[in-house]
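Each remark here refers to the structure printed beneath this line.
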Amino acid sequence: AVVSLRVRAGAVDEGDAVWLSEVTGALMKEGAAGKTAADLAAAAAGMGGQLAVSAGMQSTSVGVNVLSEYAPAAVALVSDVAIRPTLPASELARVKANLGRQLSVALSQPGTLADVALGRTIYGANHPYGRIIPSAAQLQGYTIAQVKAFHAGQFGAKRAHLYVAGRFDAAAVKAAIDKAFAGWAAGPDPVGLQSPHQPGPRIVLVDRPGAPQTTLRLSFDANRAGTQADIPQRVTNALLGGAFSSRITRNIREDKGYTYSPDSDVEFTPEQALWTFQADVTTEHTGDSLKEVFTEIRRMQTEPVPAEEAKGIRTYLAGLFAISNSTSGAVVGTLATRDLLGLPGDWTERYVPAVLAVTPEQMMASANAGYPLGKLTLVVVGDLKTVVPQLKAQPELANVPMTTMTVP
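The opening position of the sequence shown corresponds to residue 104 in the working numbering, with each subsequent residue numbered one higher.
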């Protein structure tokens, strides 16, 4: 059985104390309800599982995957860690040092630089989605008082969903839940964000002199999850760049060899959505790669998808949904995403029939609405002296304002 608690306390609640939620999540594993970190780990192991605490943009999860007969005990363990963590000051320096190493590694990767630049560009540097990473000094400066204040102020029953999936004694688990969570204070409502997108067209450049590859992020506004246009945009994205058999992948990976890892996806949050294409392409073929991406977008916008190809991508997405929800943990993830995004309870039942009903005409309409090249946001991380002339040679980019950003 999987027992997973999702609490709407994450990076969106930090203010400018970036990664404070990560520090808090890491410290929550270091002791709770009179037990040490070793005690918690031993308790989880004794149930056949391992305790996991993870802080993300929207929420913090506390969970464990255990043998069926231990599901009630797992509920009690999860509640202790979420509601009654010790947050020991003695472990703070080690937790911050671990996160500091993760930060150093992240900042050495061009993908992180591209994501930071994209977040700042779309949302602004003072928005939670534009504040992805702290400085090393900021991270090391966090105090145990800040951690305790974050936990006390941001964790509460109103913000929490508990999921239990797999084989278990339902009556015993319900009794355990009633006992374990009965006294949890309601706390605040989940934060309601406003996330207006800064309008394009614009190109943001981050220089990496001598880089053998260029890291690209091409973004457009997308439709929120659950809207009428949502499922058609998912099918259209899969065919354009989201699936491994997508048109962009076949073009610039299989046929041209410009990149190994192109991908596109819609990232959903409760209040907005953003479509992004991403790839690491060889420096000398940066312009060529973008030319092909623009070509594939225009083809989606002007030519109906052949019936057989449309059927293939619909079947792929429907099958992927079934396969990706074949374990208890995956089902919990799907349900947690559904609830986070405010989708109706029967959304998971309606998803596959909705996917299978998308027509080639809807896909063309989605491509026209979803990828307006005149409003693009493009982030380019690479050797600018080599790359910028290639960008200016593309008709779609020739007159788009370019700015250079320093990251971090």
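Idealized CB from N, CA, C, for every residue including glycine.
- A Cβ-Cβ contact shorter than 8 Å links Q336 with G473.
- Per DSSP, the unbroken beta strand (DSSP E) holding W378 starts and ends at 375-385.
- Distances from the CA of A158 to each of A255, V178, L130 were compared; the closest alpha carbon is that of L130.
- With contact defined as three or more Cβ pairs closer than 8 Å, the region 440-451 and the region 336-352 are not in contact.
- Rounded to the nearest whole angstrom, the C-alpha separation of I186 and A376 is 32 Å.
- DSSP links M505 through a beta bridge to I306.
- For the pair of segments examined, the region 184-199 was found to touch the region 120-136: the number of CB pairs separated by less than 8 Å reaches three.
- Following the DSSP letters along the chain, one finds E411 inside the alpha helix (DSSP H) bounded by residues 410-427.
- With a 10 Å radius around the Cβ and a threshold of 16 neighbouring Cβ atoms, A228 comes out exposed.
- Annotated three-state conformation of G166 is strand, per DSSP.
- DSSP places D449 outside both helix and strand once states are collapsed to three, so it counts as coil.
- Our two residues, F380 and G166, have alpha carbons roughly 32 Å apart in a direct line.
- Per the Cβ contact rule, the region 314-328 is not in contact with the region 346-355 (fewer than 3 Cβ pairs under 8 Å).
- Listed as beta-bridge partners of F347 by DSSP are no residues whatsoever.
- K251 and N354 have their alpha carbons spaced roughly 51 Å apart.
- In the DSSP secondary-structure assignment, K488 is not bridged to any residue.
- Residue range 140-149 is occupied by the alpha helix (DSSP H) that includes A144, with no beta strand (DSSP E) assigned at that position.
- Collapsing the DSSP output to three states places E370 in a strand.
- Following the DSSP letters along the chain, one finds F323 inside the beta strand (DSSP E) bounded by residues 316-324.
- Residue environment for T352: buried (at least 16 other C-beta atoms within 10 angstroms of its C-beta).
- Residue pairing from DSSP places S107 in a beta bridge opposite G166, Y266.
- Taking a cut-off of 8 Å for Cβ pairs, the region 224-243 and the region 271-280 do not touch, as fewer than three such pairs fall below it.
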